[in-house]
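> Here's a structure for you.
If you want it as structure tokens, here you go:
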């Protein structure tokens, strides 16, 4: 399954959040692989969540939705590892936390039941 890598709304949303509330970021940090990787992980989750929501209204096979939920879980695991990693990163922790928190907000926004909500916030 191929995914679009960049979700258009992701960039301004996260950028404005940590630019207004977080540490000042240099051009080097903003253009770094790490920073782009955070956007990529977050946009994958956004896109999959949105697709799942669309599929549920269209009565698409449950197997497809389960596969996408697994992809979301794997992407969240990668993101959590990256966010909590301290060594060798140039992106400040506050910036990484802003990305992580935004993922949690979007997951709650798309959650459909209490069990799923508990699973996604972990």
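Numbering (the numbering used here), first residue to last: 203 to 324. For glycine and all other residues, C-beta sits at the position ideal for the given N, C-alpha and C.
1) Is the Cβ-Cβ distance between residue 246 and residue 286 less than 8 angstroms?
2) Using a 10 Å radius around the Cβ and a threshold of 16 neighbouring Cβ atoms, would you call residue 289 buried or exposed?
3) Between residue 257 and the rest of its own chain, which residues show a CB-CB distance below 7 angstroms, the 5 nearest in sequence each way excluded?
4) Count the other C-beta atoms from every protein chain shown that fall within 10 angstroms of the C-beta of residue 293, then say buried if there are 16 or more, exposed otherwise.
5) Would you mind listing the alpha helix (DSSP H) stretches within the stretch 210–290 that are 4+ residues and don't spill past its ends, in chain order?
6) I need the straight-line Cα distance from residue 262 to residue 271, nearest angstrom please.
7) Any idea what DSSP makes of residue 300, helix, strand or coil?
8) Is it buried or exposed for residue 309, if we count other Cβ within 10 angstroms and need 16 for buried?
Looking at the atomic coordinates:
1) As a first step, residue 246 must be located in the chain shown, where it is residue number 44. As a first step, residue 286 must be located in the chain shown, where it is residue number 84. The answer is no: Cβ separation not under 8 angstroms.
2) Working through the chain shown from its first residue, we reach residue 289 at position 87. Residue 289 is exposed by the Cβ-count criterion.
3) Residue numbering aside, residue 257 sits at position 55 when the chain shown is read from its first letter. Around residue 257: 266 and 267.
4) As a working note, residue 293 is residue 91 in the chain shown. By the 10 Å Cβ count, residue 293 comes out buried.
5) 212–223, 229–232, 235–260 and 264–286
6) One-based indexing of the chain shown puts residue 262 at position 60. One-based indexing of the chain shown puts residue 271 at position 69. Whole-angstrom Cα-Cα distance: 14 angstroms.
7) Numbered from 1 along the chain shown, position 98 holds the residue referred to as residue 300. Three-state result, residue 300: helix.
8) To locate residue 309, count along the chain shown from 1; it is residue 107. Label assigned to residue 309: buried.
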